[in-house]
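To start, the structure itself, in structure tokens.
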Amino acid sequence: MIPDFSSAVLGEATADADPARWGGAVRAETGKDAEDLTWHTPEGIAVAPLYSAGDLAGLDFLDTYPGIAPFLRGPYPTMYTTQPWTIRQYAGFSTAQESNAFYRRNLAAGQKGLSIAFDLPTHRGTTRTIRGWPATWAWPGWPSTPSTTCGSSSTASRWTG
Numbered sequence: 009m010i011p012d013f014s015s016a017v018l019g020e021a022t023a024d025a026d027p028a029r030w031g032g033a034v035r036a037e038t039g040k041d042a043e044d045l046t047w048h049t050p051e052g053i054a055v056a057p058l059y060s061a062g063d064l065a066g067l068d069f070l071d072t073y074p075g076i077a078p079f080l081r082g083p084y085p086t087m088y089t090t091q092p093w094t095i096r097q098y099a100g101f102s103t104a105q106e107s108n109a110f111y112r113r114n115l116a117a118g119q120k121g122l123s124i125a126f127d128l129p130t131h132r133g134t135t136r137t138i139r140g141w142p143a144t145w146a147w148p149g150w151p152s153t154p155s156t157t158c159g160s161s162s163t164a165s166r167w168t169g
């Protein structure tokens, strides 16, 4: 059930808020210190349970603006407020020349970005010259078993020579 806060007593409108008072409220509610509520993202970045103006001290990028070098707040001055979507089409399953022509036509027609399909060896930073790559990577971005990527094992043999 969702609590009804419509009649909750909010306290004094001018009550001073401070970290110690907040920490006491956290301890009273959870039985833990506020520092114990810090969690970590999968990348290992610590996320505190509360941030305040004091946490902004020393952040040099707060005085930057979008669309102005060093572009820490984005490449466009208005960001996406005047253009909320970019139009893209995933492409690149062709020769480099045909793909390049395709991208140029789309950009000339108003496409705002490129979503390029590279083959999986390129994504992995290797080449197709490595012996046995078809058995491992087969087609770009697809499952690697010959029966699911090429339709049959005999089709996969054209890649292995």
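In case it helps, the numbering used here puts the sequence shown at residues 9 to 169.
For each residue, glycine too, the CB sits at the ideal point set by N, CA and C.
Quick one: Cα of residue i to Cα of residue j, how far?
i: Gly32; j: Pro57; result: 14 Å
i: Pro177; j: Thr72; result: Lying outside 9 to 169, the shown extent of the chain, residue 177 is not represented and no answer is given.
i: Gly118; j: Ile95; result: 8 Å
i: Ala116; j: Thr49; result: 41 Å
i: Phe69; j: Leu80; result: 7 Å
i: Ser14; j: Gly62; result: 31 Å
i: Ile53; j: Ala42; result: 17 Å
i: Asp12; j: Gly66; result: 40 Å
i: Ala36; j: Ala16; result: 18 Å
i: Thr86; j: Ile10; result: 38 Å
i: Thr38; j: Trp30; result: 12 Å
i: Trp47; j: Val55; result: 5 Å
Provide the residue(s) that pair with residue i in DSSP beta bridges, ordered along the chain.
i: Ala54; result: His48
i: Ile124; result: Ala99
Which whole-angstrom value describes the C-beta separation of residue i and residue j, a residue pair presumed to lie in contact below a C-beta threshold of 8 Å?
i: Val34; j: Leu45; result: 7 Å
Whose C-beta lies closer than 7 Å to the C-beta of residue i among residues of the same chain, with five residues either side of it excluded?
i: Ser107; result: Ala99, Gly100
i: Pro83; result: Gly75
Can you list, in chain order, the residues of its chain with a C-beta nearer than 8 Å to that of residue i? Leave out the 5 residues immediately preceding and following it.
i: Ser60; result: Pro27
i: Leu64; result: Leu70
Among residues of its own chain, excluding the 5 on either side of residue i, which ones have a beta-carbon nearer than 6 Å to its beta-carbon?
i: Leu122; result: Tyr111
Quick one: using the 10 Å Cβ neighbour count with 16 as the cut-off for buried, is residue i buried or exposed?
i: Pro151; result: Because Pro151 sits at a pLDDT of 41, beneath the cut-off of 50, its placement in the model cannot be relied upon, and the point is left open.
Does any CB atom of chain B fall closer than 8 Å to the CB of residue i?
i: Ala28; result: Protein chains in the displayed structure number just one, and chain B is not present.
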